[in-house]
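Worksheet: one structure, shown below.
Protein chains: 2
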Amino acid sequence: MEAETELVDRWRSLLSSYNAVAAQLERALQEAHGLTLSDFETLDRLTTRDCDKRRMQDLAAAMYLSQSALSRTVARLEKSGLVERTHCVDDRRGVFVELTATGFERHAEARKTQLAVLSRHLTPTG
Amino acid sequence: MEAETELVDRWRSLLSSYNAVAAQLERALQEAHGLTLSDFETLDRLTTRDCDKRRMQDLAAAMYLSQSALSRTVARLEKSGLVERTHCVDDRRGVFVELTATGFERHAEARKTQLAVLSRHLTPTG
DNA sequence: CGACGCTATATGCGTACGCATAGAATGACA
DNA sequence: TGTCATTCTATGCGTACGCATATAGCGTCG
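Order-wise, the sequence lines are chains A and B.
Its first residue numbered 98, the first sequence is counted upward by one per residue in my numbering.
Its first residue numbered 98, the second sequence is counted upward by one per residue in my numbering.
Encoded structure:
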């Protein structure tokens, strides 16, 4: 019984910490840069890794999004001119996603917003 | 710079922990009980507190949901017969939300599912 | 080569969300 | 009593999501 309530308490804590930060972050990114949280996270994955040209499946594996959600996120980013999609040459089922110069800049600006929000709303305790 | 990456790392960790657990929980609750995560959390609030009859605004304050999302969640729960809404007598703008017997039972069953999922997917590290 | 199973991505569909606003009831003040 | 600012909940609207399925390319075996 003790273990159960401890488990639920940890979950509650995670739930409220996450939602508090996520809501602020979502709003700030949207307002200042026209980006969804998923948009930003996707851009982030593309800058963080060595090659800034990644296959969809690699992105999907590194993220929390479902395959379909990632597909649409990348479609949004492409429409906004932040990434480009190119078919792989060796396996034409695959799709490479690549940051554009604009995408790189937008990410850099958005990262400032992210840091500002995190430092204000992400408490050390969780 | 050090502090910045530490902050971002904490956020990443929170993000992935949350999503891993939330996705499982959402699916399990939906499949086994026809409940959204928000549905369950709302029922949970109604059983946890002293009086199991609460005003919308009290629920809203105790939760992460927006006011409109809570309104619709309660509407769903009422439609399913798990809660009842009654106008307050003293302030008829307000709405009391009350668990039905069915709602109480459903919550008790769903809580087992919650505990099962949490014990499997909520790691001690967060 | 041709058929088949498998993998990678896209899309139809239904749902929950947040924002902005509408609608109803309150309290204060003339 | 009548007006008006305020509070509480509901709703119109547009968006992102997940699930299931469609589509296109791959590799193998005959």
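We treat Cβ as the ideally placed atom computed from N, Cα and C, and that holds for glycine.
Bridge partners for His184 of chain B per DSSP, in chain order?
On the second sequence, position 87 is the one that residue 184 of chain B refers to. Per DSSP, B:Val192.
In the DSSP assignment, what are the bridge partners of Arg152 of chain B?
On the second sequence, position 55 is the one that residue 152 of chain B refers to. According to DSSP, Arg152 of chain B bridges with B:Phe193.
Please report the distance separating the alpha-carbon of Arg217 of chain B from that of Thr210 of chain B.
Stepping through the second sequence from its first residue, residue 217 of chain B is reached at position 120. Stepping through the second sequence from its first residue, residue 210 of chain B is reached at position 113. Roughly 11 Å between the two C-alpha positions.
So what does DSSP say about Leu112 of chain B, is it helix, strand or coil?
Numbered from 1 along the second sequence, position 15 holds the residue referred to as residue 112 of chain B. Helix.
Using a beta-carbon distance below 7 Å, is Glu101 of chain A in contact with chain B?
As a first step, residue 101 of chain A must be located in the first sequence, where it is residue number 4. It does: the Cβ of Glu101 of chain A has a partner Cβ on chain B nearer than 7 Å.
With a threshold of 7 Å between beta-carbons, can Leu111 of chain A be considered close to chain B, or not?
For the purposes of this step, residue 111 of chain A is taken as the residue at position 14 of the first sequence. Yes, Leu111 of chain A counts as interfacial toward chain B.
Excluding five sequence neighbours on each side, which residues of the same chain lie with their C-beta closer than 8 Å to the C-beta of Cys185 of chain B?
In the second sequence, residue 185 of chain B corresponds to position 88, counting from 1. Excluding residues within five positions, the ones whose Cβ falls inside 8 Å are Arg152, Gly191, Val192, Phe193.
Below 8 Å, how does it come out for the stretch 138-146 of chain B and the stretch 197-211 of chain B: are there three or more Cβ pairs, yes or no?
yes
With a cut-off of 7 Å, does the C-beta of Leu156 of chain B fall near any C-beta of chain A?
Counting from 1 along the second sequence, the entry for residue 156 of chain B is found at position 59. Judged by the 7 Å Cβ criterion, Leu156 of chain B is not in contact with chain A.
Outcome for Ala158 of chain A when other beta-carbon atoms lying within 10 angstroms are tallied against a minimum of 16:
Translated into positions along the first sequence, residue 158 of chain A becomes position 61. It counts as exposed.
Quick check on the DSSP output: the alpha helix (DSSP H) that includes Leu179 of chain B runs from which residue to which?
In the second sequence, the residue the question calls residue 179 of chain B occupies position 82. No alpha helix (DSSP H) contains Leu179 of chain B, which DSSP labels as neither H nor E.
Taking Leu140 of chain A as part of the alpha helix (DSSP H), name the residues at either end of that continuous run.
For the purposes of this step, residue 140 of chain A is identified with residue 43 of the first sequence, where counting begins at 1. Its alpha helix (DSSP H) spans residues 134-145.
If we ignore side chains and look at the alpha-carbon of each, how far apart do Ser163 of chain B and Leu112 of chain A end up?
In the second sequence, residue 163 of chain B corresponds to position 66, counting from 1. In the first sequence, residue 112 of chain A corresponds to position 15, counting from 1. Using only the alpha carbons, I get a separation of about 15 Å.
Buried or exposed for Ala125 of chain B, please, with buried defined as at least 16 other CB atoms from any protein chain shown within 10 angstroms of its CB.
As a working note, residue 125 of chain B is residue 28 in the second sequence. Burial call: buried.
Locate the alpha helix (DSSP H) running through Ser216 of chain A, then write down its first and last residues.
Here residue 216 of chain A corresponds to residue number 119 of the first sequence, with the count starting at 1. Note, Ser216 of chain A: alpha helix (DSSP H), 198-218.
Taking a Cβ distance cut-off of 9 Å, strictly less, list which residues of the stretch 207-221 of chain A are near chain B, in chain order.
Arg208, Gln211, Leu212, Leu215, Ser216, Leu219, Pro221
Is it buried or exposed for Asp136 of chain B, if we count other Cβ within 10 angstroms and need 16 for buried?
Counting from 1 along the second sequence, the entry for residue 136 of chain B is found at position 39. Taking all protein chains shown into account, Asp136 of chain B has 16 or more neighbouring C-beta atoms within 10 Å of its C-beta and is therefore buried.
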